[in-house]
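To start, the structure under review is shown below, and the notes come after it.
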Amino acid sequence: MDPSALIPPADAIPAAPWLFRGLMDLTFWLHLLVMNAMLGLTLLGFARSLRGGLGLGHQAGLVPTAAALAVNLGVAPLLFVQVLYGQFLYVSIALMGVYWIALVLAVMAGYGLAYRQKYVQHAGQGRGTLLWAAMSALFLFASLVQTHNAVLMVRPDLWAGYFDNPSGTLTAWSDPTLIPRWLHFVPAAVALGGLSLAMTGRRRTRHQDPHGEELTAEGMRWFSWATLFQACTGLWWLAMLPRPVLAAFMGGDMAATVLLLAGVTGAGMVLAFGFMGRLMPAAVSVVLLVAVMVVLRDVLRVHYLAPHFDTASLPVMQEPSSLAMFLACLAVSVAVVVWAARHPVKDPKGA
């Protein structure tokens, strides 16, 4: 079956595609930084609870806030993806609808357990290893579902599987890039979690905490080794790309090739700063590297969908008033989120 026959027609958009692509990449970059830190802190919480790591209580207190910010910051890029690639996103979600609903429930359950863990740690009721394990499993499940959806979205040729499996449980296990893609993003979360620990240790050192330097060093170790593993899985993912897509990053598309080289160079800088223990240069480098990777990911999606779709072909019906209202609401929403993050309400339970 011709995959193009399964793709719904595109809807008109209210402004030029480049505007929505820019906003999509910008908001996804912010979401990715916070989401990775949240997942990484959770995974490291489990690993460190097995041997009683320093600062577990403070670490547990960071996860609920990071989870809330990650969910809120994830709304905007999801909306922009719907604007540009709605005919692909809606189909992929419907094909794996059971797992998508389970993803929502898993995130809600993980968020609730994060608060439970926060109070357990504050009350000094042990390390909370089982809670850390449950949270890790739930958030990892959510990340795996998202990875399946990302692959299904750009593989219309897999959609024909619906005729054999119309129950809403279609997956992308047959795609050779699925595992390396997932294993590329999970270590990235561990790296950001380690960086968060290192930043916490640095702040403690400034407040004359004798354990601050030890926590900083531990965080940098997690950050550096996770980044190295991520680089290896990134090469694996690259090698598994379909030949036409891989060719685009090997000189076939100059923009894609330059972005890939920038990503490799940035990864080298991050690794160098990490293993040298230079916290702030590593932090700045990784923030910039994530921005490059977000754009690179978007270019990858463009090349996957090139045989079927180009955002430049989207019909545009100019609606300046609606666009202005949306951008104003977006600006206000971002301002509120930033303000709320900087002015947290004191927990009455003291946790």
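Residue numbers (the numbering used here): 238 to 588. Glycine included, every Cβ here is placed at the ideal spot set by N, Cα and C. Predicted model, so just to flag it, every value in this text is computed and none were measured.
Bridge partners of I250 according to DSSP: V553. In the three-state reduction of the DSSP assignment, A543 falls in the coil class, being assigned neither a helical nor a strand state. The C-alpha of W473 lies about 14 angstroms from the C-alpha of F486.
DSSP places D262 within a helical segment (H, G or I) once states are collapsed to three. Counting only residues of its own chain and dropping the five nearest sequence neighbours on each side, L368 has a CB closer than 8 angstroms to the CB of L350, R353, Q354, V357.
By the Cβ test, the region 546 to 557 is in contact with the region 243 to 250, since at least three Cβ pairs between them sit closer than 8 angstroms. L281 is not a Cβ neighbour of F376, given a cutoff of 9 angstroms. According to the DSSP assignment, S380 belongs to the alpha helix (DSSP H) that extends over 366 to 391.
N402 counts as exposed, since fewer than 16 other C-beta atoms from the protein chains shown sit within 10 angstroms of its C-beta. Straight-line spacing of the CA atoms in A331 and A454 works out to 45 angstroms. Boundaries of the alpha helix (DSSP H) around P424: 415 to 443. Counted as a single uninterrupted DSSP element, the alpha helix (DSSP H) harbouring N309 occupies residues 293 to 332.
In this structure P413 is exposed. Its beta-carbon is surrounded by fewer than 16 other beta-carbon atoms within 10 angstroms. The C-beta distance from R441 to G449 rounds to 3 angstroms, short enough to meet the 8 angstroms contact threshold. Our two residues, A428 and H295, have alpha carbons roughly 18 angstroms apart in a direct line.
Residues of the same chain with a CB within less than 7 angstroms of the CB of M477, apart from the 5 flanking positions on each side, are P413, T414, P417 in chain order. The residue from P240, H268, T366 with its alpha-carbon nearest to that of R288 is T366.
When only Cα atoms are considered, V388 and Q445 end up about 48 angstroms apart.
A residue is called buried once 16 or more other Cβ atoms fall within 10 Å of its Cβ, and G488, having fewer, is exposed. A residue is called buried when at least 16 other Cβ atoms come within 10 angstroms of its Cβ; T406 does not meet this threshold and is exposed.
Contact between L256 and E451 does not hold, since their C-beta atoms are separated by about 47 angstroms, which reaches or exceeds 8 angstroms.
Residue range 449 to 477 is occupied by the alpha helix (DSSP H) that includes G449.
One Cα belongs to A426, the other to L276, and the distance between them is close to 6 angstroms. Scanning its chain for C-beta atoms nearer than 8 angstroms, with the 5 sequence neighbours on each side dropped, one finds around D535 the residues R258, M261, D262, in chain order. Of the other Cβ atoms in all chains shown, fewer than 16 fall within 10 Å of the Cβ of M562; this residue is therefore exposed.
Classified as exposed, Q362 has fewer than 16 neighbouring CB atoms from the shown chains inside 10 Å of its CB. For R515, there is no enclosing alpha helix (DSSP H), since its DSSP letter is neither H nor E. For I338, the closest alpha carbon among the candidates F378, A370, L306, L299 is that of F378.
When rounded, the separation of the alpha-carbon atoms in Y348 and M372 is 8 angstroms.
Burial of S433 is indicated by the presence of at least 16 other C-beta atoms within 10 angstroms of its C-beta. In terms of Cβ geometry, A274 and A303 form a close pair [threshold 9 angstroms].
According to the DSSP assignment, A484 belongs to the alpha helix (DSSP H) that extends over 480 to 484. The alpha-carbon separation between V571 and S559 amounts to approximately 18 angstroms. Residue T548 holds the alpha-carbon nearest to the alpha-carbon of Q319 among A578, V573, T548, W462. Excluding its 5 nearest sequence neighbours in each direction, A409 has C-beta neighbours in its own chain below 7 angstroms: H385, V388, L389, R392, L395, L415, listed in chain order.
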